[in-house]
Structure formats: structure tokens, C-alpha cells
Amino acid sequence: MISRRFLALTVLLLVHGCTYSPIQENPSPTQGTTTRQPDPGTSSPVTQVPEEKPPTRIGQPVTKPVEIDRERPSAAAVQVLAQAESSARTGQYDQALLLLDRAQRMSPQAGEVYLQMARVQYDQRSYNKAEQLCLKAIALSGKDPAFRKQSLQTLAIVRDAKGDSAGAAAARKQAAAI
Amino acid sequence: MSKSRKSSTGSRKSSAKKSSKRPSRWKSVFWKFSVVLLVVFAGWCVYLDATVRHKFDGKRWQIPAQVFARPLELYPGVALVKSDLQAELAELGYERKTKADRPGTYAAGSYAVEIYSRGFQFADGNEKAHRIRVEFNDNTVDQILDWSGRALSWARLEPVKIGGIYPAQQEDRILVNLEQLPDKLEQALIQVEDRHFYSHYGVSPLSIARATWANIRAGRVVQGGSTLTQQLVKNFYLSNEQSLWRKANEALMSLMLEFHYDKGEILEAYANEIYLGQAGARGIHGFGMASHFYFGKSVSDLTSDQIALLVAIVKGASYYDPRRHPDRAKERRNLVLDQMVEAKLLSEKQARADKARGLGVIPKPRYSASAYPAFMDVVKQQLTRDYREEDLESEGLRVFTTLDPLVQSKAEHSLSETIQQKEQASVNKGLQGAMITTAVSSGEILAVVGDRQADFSGFNRALLAKRQIGSLVKPFVMLTALKHSSEYTLASPLEDEPFMLKFENGDEWSPKNYDGESHGTVIMQEALARSLNLATARLGLQVGVPEVLDTIHELGADVEVKPYPSVLLGALSLTPLQVTELYQNLISTGFRTPLRAIRAVTTAEGELLSRYSFDTEQVIDPGIAYIGQYGLFEVMRSGTGRGVYRTLPEDYYVGGKTGTTDDYRDSWFVGFNGQYLTAVWMGKDDNSPTGLTGSSGALVAWLGLYRQLPQVSFIPTAPESVEWAWVDQKSGLLSAEHCEGAVALPFMIGTAPKERAGCVDRGNLLERWLRRWWNS
């Protein structure tokens, strides 16, 4: 009897172990990506994946994937953004945009990068480009109402400049509702 | 009679006069002839002088555009293994030493690499040579320090040169001015080739006499008497023809060149004109190009033994080719070193040390043999939209591209290895492939492989092979349905049952599933993950084929195809590049971003001409796009791509879609992580069957690459309009986290199913079973 109970306890523990989902253990809420490098010593360029038919049943119950509030620019990207801003302030727009492309490579999901790109395009009177970049920043604002509001306000300014007063009003209304 | 006498007398007189005047007449003819000759000669001189000045004053050379890869950017947190950094340094021709003590050297320890970078004119400004220390933590860069130990937020290496855009005459050179030439190189050249360079007027009669005497004694041509000026004239204006006429012109033009220009200008022109090697069809001209070609470094970084070798090669680039004839080249290099000692350019000790060294020549640089032909095709295609071909071939433009040589070499390797492996099955003989990798966030093209043999410059399949895409179209069918968010969600039940369509012309269409079976009612998510044809075709017919094609257009593929139902199962042909662009936009949460292979173009002097910055346009509601791209994760977790998780760790999020066409003619896979998207096609050029599915062919090559790339999970930011709900995976009805068969799916807010499915609690089941067992 004792051994059976021990076995049941073991099974219980094992089952709990099996239902552990590493997905929930994933990165901190502000971390947009998890990065790992393969071990160069063990990686092989070609791996055999057996030929397979489509599975007959869908796999294990799926856990909701990691959600992130939104990605913020890394420390390195913050510095590049600052450099880009000072370039833009002195009218060196080409330089500013090259720097912003660099910031994008560092923190590709950080809305600040796109919002700043939008501002430089606005300064150059490329209002259509600026508008699209604002929309990108809004899409990346996730669950950060302050950043969403800031992006919507910028969008309103851009739309005003391109003569889309209805669009600007809509953006302002959305911003005010936050 | 008298008349006749008179006449006779007159004739005698005339005859006497004639004979007395004959010498002066010849003299006159001679003088006239001389004057004519002189006039012709003067005219010829004027012509030669004009020729000399016209070419020397004008644009002296056609300078091909130089094409560079992306510079490797280093900053804390960037995913980079030390071996990749070392591979990049090797590609750049850096010398590994125990201490990085001059530009172009590095030292590698267990956890850090010290680099002394070279100065470089980037598109965004000039950067001086600097020393940095890059420290690693596992497989990321931990910190970067400058030489005083101050932490840097960012640094970069100069980019690898990957090619050029060459004119028909195929001369390749990098212009250098006299200040950039090391003094030792200038003086060694003069010492060996023309010791009296600074004292003669273009020709050196003494040298000619000496060379003639030496040649007579040897009975053959063993020595040349040409000055550097004459050599320049011969190479710059004349041909290699061995004739007196050419020699005379050479001498005249040399005098004229010396008359018009100073020694410095002549020497600089010589240093850029001299032929120093051959790379396939292209001639390597000038010391600037030659130092990259033989040593992978700038001319200003050359060491004394390398300088000696370049000077040695001047005598005959083919005969003393250090790669083909290393012994000959070494013997002559050592001779040059002796002459450098004689001219007090080197100490004897230094010369001895130099002689003990090998030639130090790098393998032929990849760019020299058009090593990235597929990528260069994309670059040229984009460049010719904004630049004239003749400008690209002659103005020395600098083109900064997006190619990542590290990713490129891994992609090439993986594709060719996979093809070799698959060819072991006879049905796969003659297999070909293409592969393109882009940066997910920016649309930059990082690698392009257009042939199983990547450096083969022939038919570029990545750009040109239009092939049916099979199941790769399915996510676009689903996305089109999802746009009607009040009608369709990932939980919508679909009928995976056979059907037949009859057309007016009598044709019939009755699609089948891959396994030949039907699967009853499945939710949309499952139909995509398992790539079910019947459910997809039914869904596509409900939303309409033209609307599916509209979605494909919106996401960037310009396809001309009639809206036949077969389109819903992939009967439309796209190139791998078009497929890449489509999927790039599919996973960009509703934003369309044109693919880019170029970042910027500058003049030879570094002035920015064009900048190709990130550009984007929202084409689909981000919430809907987010839901559509989520489906691609399930393909990898539980669908046709799930085999990758035998190799990849469970908590690594990748997405993708397989594609197979009728009779296994095309094997496709497009997959992505948080950093890279890669499309792979495998098939045969004659479109015959291969025996490969998307997962048994293209996916294998993809996995081979992604095992080597940084494992960055794809975790997009969920738009505000999206919520998650647990649904029953069979019925698509609302469920709960603990219910058996429940899956979490994203929905547009308010569109999750309302009706509840019966719930058998997973935890309760287990508890019931354990309690029963415990009590038994």
C-alpha cells in the first residue's frame, strides 16, 4: 500500500513536471526577444528532418505565448537616438536618418525609433512617410497608454500638415480618450 | 636655219645651266622634303601633345563602383559569437597577433577580442582607426571598451568589400594619392625601376645604353631601359607592341609628359596605372587595389616585406604571380629587399627578418571572383533604378549594401549541403535551390543564394525562377478571411470535406488533401497548421479568389494570374525573392516594407548621393495581421513544421510555412525567428518531380541555417485591438485554460466565441485518477 502511494505521489510529481511550460518562464515583460546563440562547436549545417505527413491531431494544448507590454530601446539605441536628434536639430537629416536606421537594427520593436523617424520625415515635409511611421509607432505601443497617446498626438500634427484635418481630428480624439 | 642654230645654242646653254644647277636642285628638294617632314613631325608632336594632355588632364581612369557589405556593428547585448567576429576579421584581412598594435590587427583571448580597426570613409562620415576591446558573455557582446578602459555604447568595423561594377574593359583599381602611398613603397619603386627618376626628363639615354649593352651581351632582352615615365606612357596611352615606331612615340610622349607635369603627378599616375595582377577577366591595376588583392588591406597598412613583394610584381605580374609562382615571387621579393637595404630604406637586420617570412598572400578575395553573384544581381537591379550604367562603371561610387557575409556563408553552406544530401536519392538528381534571408524588422536583404554552387554566376534562381508556390499561399487565404473579423476568426470551424467544382467549359476541379483523407470539421488554426487543402479551398471560395489575390497584391507581390480556384492551393508562380517579400510583409503586423539591398551610395570622396532608409506603409489592420501571423507559429509547434522542435529548444519561438507542389516539383519553406526571415526553394530546373515535400527538403536547409544563427524568439508586440481567449480546439467554442483540448488563440476584441464548450477539467481528471489509485 505504501509503495503504491509512493508511486502515486511520484506520478503526481512527474505529471506536474510534464505540464510545466517553459513558455511561461520566458523573458521579463519588457524584453521583446529572447536571444541565444547556438553552440558553434555542436551545430551542424544540415539536420535531418524526417519526411512527415501532416499530423493527425493537433499537438499539445497550446499555452498563450509570452506577451510583452512593449519593447523599449536598449541603452545603446537610446544613445544613437540622442545622436540622431541632435543631427536633426542641426538640419543634418540624412545623417539623422542613417543613425535612426542604426537604432532600428538595435531595437527593432521600440516605438521610439519609428516616432523619431516620423519627426525627421515631418521636418523634411515628407508627410506621407511621417504618417506611416507614426502608425508603426502606434502599432508598437502595446499596453503603454502614455506612448500611444504621444504617438497619436504626433500623428495628428502630421495629418494637419498634410491637410488631412479629419484624420488629425480622429487621432486627437483617440489620444484624448486615453 | 639661224633660228635653228640659235635654238641649238640655246639648248646647249640650257644643258650647261642644268648640269651646273643639279646639286642645288637636289639640295632644294632635300630642303623642301625636310620642311615637309618637319611640318609633319611638328604636326605629329602637336597631336601627341594634345593626346598626352587630354587624357592626363581629364578623367584618367574609369573607376568601377565599389560595393561593400554591411559593417559589423558591435554594441552591448548584440547576439554575436566570438568565432563569427573572428571570421569577419579574417574576411577583412586582419592579422591575428598577440597584441593589436597597429591598424588591421587583432588579438583574441578566451573571452575578449582586441581590435585595432582601420580608418574608413563610411556613408555617414569618416571614422579614424581606433583600438577597442570586445568582451563576450556566452554568446552575446557583454561590453566594448576603448583603449583607456572607457565603456563604449557602440562600435563598428569597416565593411568587407564584396565586389564592384565593372566596365567592359574590366580594369579594377582603387585610386590612391601620393600621400597615401607609404614612403618606402615610393622609394623602393624608384630604387628598383628607375633610380634616376628625379633627374631625367622622361627618357634616360644612359639607362637605354646600359640596357642595350646588357642585352647585346646576353644575346636576348634581359634588361629594359624604360624610365617610370616611359612605362606609364606605354601603359596609359600606347600598346604593348614591340616596334621602333611605338618606342619613338613613347619617348616623345614621355618628354612631353615631363614637360607639362611634375614628378609627383607622374609618380601618382604610375602608382594607379601599373598592372599588378589578374582576377578572372579583370585586371588589377595600381598599388591601392593590389594591396587589397594580395594582402586584404589598405596600401597604407603594408609592411616592408609586403611592399617589397608589390614592387617585385611590377616587373611581370603574371610571371611573378605570388599565388601561382610563389618561389619566383619570393626570389624577386628578396632581391627587392636587398635593393631596399642598398638604398638605406631598410636595415640589414630588418631585411633578414623580412626574407625569412613567407609571402603572406591571402587566398584570392571572394569579391575578386564575383563571389556573391546572386546578391550583386539584386544590388544592380536596385542601383540601375537611380544611376546610369556608365556612372556605376566609371565614377568610383561607393555602394553600401545590406549583405551580411556571416549569414550569407552559412546560408550557402546549408543549401549546398542539404542538396548534396538529398541527391543521394536518385529521384533528386539534378536538384537545385535558392535561399534568401532578410532582417525581419527592416526588410534588409542579408543573404541571397541563387544556385547550389553559390559563386556560380549563371541563372539566378532567387530572382528569376518563377515557380508554383503550393501551400505557401494558405496563410494569405486565411488572412483574407480574417479581414472579415466579424465572420472569421482562427477558431472558425471549417469543413475539411471533398467537393467538386464544375466549370462552364466542362472542366472539373476536385482538390484532395496531401494524405488523401478528409478530416471533418476543423478550426481555421488547425487547417493552417496541418496545411489542409480541402478546408482552405472551401474557405477561399467563400471569401472569393479575387479578394485573396488582392491581399497578395497588398502585401507586395505583383502577380498576373486569373482568379481560378486552383490559386487557393498555390497554382500561382512567384520567384523566391517575391515569396520573401510577401512573407516579410505578412509577419510585419500589417506594414508593408520594401526589401532593400542598399543602404547608401556616396561619391568616391565620400559625399552622400543616395540614402535608402527604412520605409513602411500600413496595408492591413495590425490586429488582424497579428492574428494571421500567429497561425504560422502553430505550423511549427504542431503542424507540418513541427519536426524542427526535435532540434530547436521548446522555448524558442519560430514561425513558418511549408509548401509542396504537385508531384513534388517544388519544395518550399519560409520560416522566421525574431531577427531573420528566410525563404528556401528546392526543385529542378526542368520542373521534373523531386520526391521532396516542403518539410523534407527546403525546411531541412532552413533548419541547417537557423541552428547556426542567433536564436532570437519572435515575440511581436500585440496591438491593443487584440485579446486572447481559450477555445476548444475541436469545436472552436469558448473554453477555459484548464479544460481538456483548450488552446489559447488571439482574437480581435469582441470576436472571440461566446458559446461555451463542455469542459472536462484537465486537473480534475488527473486528481480523480490519482485519488482512485491512492484509495484502491
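These protein sequence lines are chains A and B, in that order. Residue numbering for the first sequence follows numbering that gives the first Met the number 0, beginning at 0 and increasing consecutively. Residue numbering for the second sequence follows numbering that gives the first Met the number 0, beginning at 0 and increasing consecutively. Don't be surprised by glycine CBs; every beta carbon is placed ideally from N, CA and C.
Output yes if chain A places a C-beta closer than 8 Å to the C-beta of residue i; else output no.
| i | result |
| --- | --- |
| L577(B) | Note on residue identity: the sequence assigns Gln, not Leu, to residue 577(B). No - not a single Cβ of chain A is within 8 Å of the one on Q577(B). |
| D614(B) | yes |
| G589(B) | yes |
| T716(B) | yes |
| Y74(B) | yes |
| A122(B) | yes |
| A368(B) | Here A368(B) scores only 49 on pLDDT, less than 50, and its place in the model is too uncertain to base an answer on. |
| Q380(B) | no |
| R610(B) | yes |
| S485(B) | no |
| S456(B) | no |
| W153(B) | yes |
| A111(B) | no |
| R598(B) | yes |
So, are the CB atoms of residue i and residue j less than 8 Å apart?
| i | j | result |
| --- | --- | --- |
| V182(A) | Y121(A) | No answer is possible for residue 182(A): the residues shown for chain A start at 0 and end at 177. |
| G703(B) | T417(B) | yes |
| G655(B) | F668(B) | yes |
| A117(A) | A87(A) | no |
| I435(B) | P575(B) | yes |
| L227(B) | L177(B) | no |
| R595(B) | E443(B) | yes |
| S612(B) | D100(A) | yes |
| P776(B) | V378(B) | Absent from the structure is residue 776(B), since the part of chain B shown begins at 0 and ends at 775. |
| G315(B) | D171(B) | no |
| T579(B) | T437(B) | yes |
| P474(B) | L571(B) | no |
| N532(B) | L568(B) | yes |
| S734(B) | A751(B) | no |
| Q777(B) | V643(B) | An answer regarding residue 777(B) cannot be provided, because it is not within the stretch 0 to 775 covered by chain B. |
With DSSP as the reference, label residue i as helix, strand or coil.
| i | result |
| --- | --- |
| G569(B) | coil |
| I444(B) | strand |
| K753(B) | coil |
| E559(B) | coil |
| F119(B) | strand |
| A743(B) | strand |
| D193(B) | coil |
| S666(B) | strand |
| S7(B) | Here the model assigns S7(B) a pLDDT of 46, short of 50, so the residue's position is not dependable, and the following value carries that caveat. Three-state result, S7(B): helix. |
| F590(B) | strand |
| H324(B) | coil |
| T657(B) | strand |
| E649(B) | coil |
| L140(B) | One point to set straight first is that residue 140(B) is Val, not Leu, in the sequence displayed. Correct three-state label for V140(B): strand. |
| C133(A) | helix |
Excluding sequence positions up to five away, which residues of its chain have a Cβ less than 7 Å from the Cβ of residue i?
| i | result |
| --- | --- |
| Y197(B) | K262 |
| L237(B) | R245, N248, E249 |
| H518(B) | D495, L531 |
| G218(B) | none |
| E50(A) | A caution first: E50(A) carries a pLDDT of 34, below 50, which makes its placement in the model too unreliable to give a value. |
| V48(A) | Below a pLDDT of 50, predicted positions are generally treated as unreliable, and V48(A), at 35, falls in that range; no measurement from the model is reported. |
Got a sec: is the Cβ-Cβ distance from residue i to anything in chain B below 8 Å?
| i | result |
| --- | --- |
| G31(A) | Residue confidence is low: G31(A) scores 39 on pLDDT, short of 50, so the model does not pin down where it sits. Its coordinate-derived value is still stated next. Chain B contact via Cβ: present. |
| K148(A) | no |
| K135(A) | yes |
| G141(A) | yes |
| R186(A) | This structure leaves residue 186(A) out entirely; chain A is present only between 0 and 177. |
| L151(A) | no |
Within a Cβ cutoff of 6 Å, which residues of the same chain sit near residue i, ignoring the five residues on either side of it in sequence?
| i | result |
| --- | --- |
| V51(B) | M252, M255, L256 |
| M105(A) | S73, A75, A76 |
With a threshold of 7 Å (Cβ to nearest heavy atom), would residue i be considered close to the ligand GDP?
| i | result |
| --- | --- |
| S408(B) | Although the ligand GDP was asked about, the structure shown includes no ligands whatsoever. |
Residues, ordered as in the chain, of the segment 69–86 of chain A that lie near chain D by beta-carbon distance below 7 Å: In the structure shown, chain D cannot be found, because the protein chains are A and B.
Any 3 or more C-beta pairs closer than 8 Å across the segment 183–195 of chain B and the segment 96–110 of chain B: Touching, no.
Cβ pair count under 8 Å reaching 3, the segment 96–113 of chain A against the segment 678–691 of chain B: Taking 8 Å as the limit for Cβ pairs, the verdict is that the segment 678–691 of chain B does not touch the segment 96–113 of chain A.
Touch test, the segment 615–627 of chain B against the segment 599–607 of chain B, Cβ-Cβ under 8 Å, three pairs minimum: Output reads no: the segment 599–607 of chain B does not touch the segment 615–627 of chain B.
Cβ contact check for the segment 582–599 of chain B and the segment 401–411 of chain B: 3 or more pairs under 8 Å: yes
Any 3 or more C-beta pairs closer than 8 Å across the segment 82–93 of chain B and the segment 268–276 of chain B: No, because fewer than three Cβ pairs between the segment 82–93 of chain B and the segment 268–276 of chain B fall closer than 8 Å, the two stretches do not touch.
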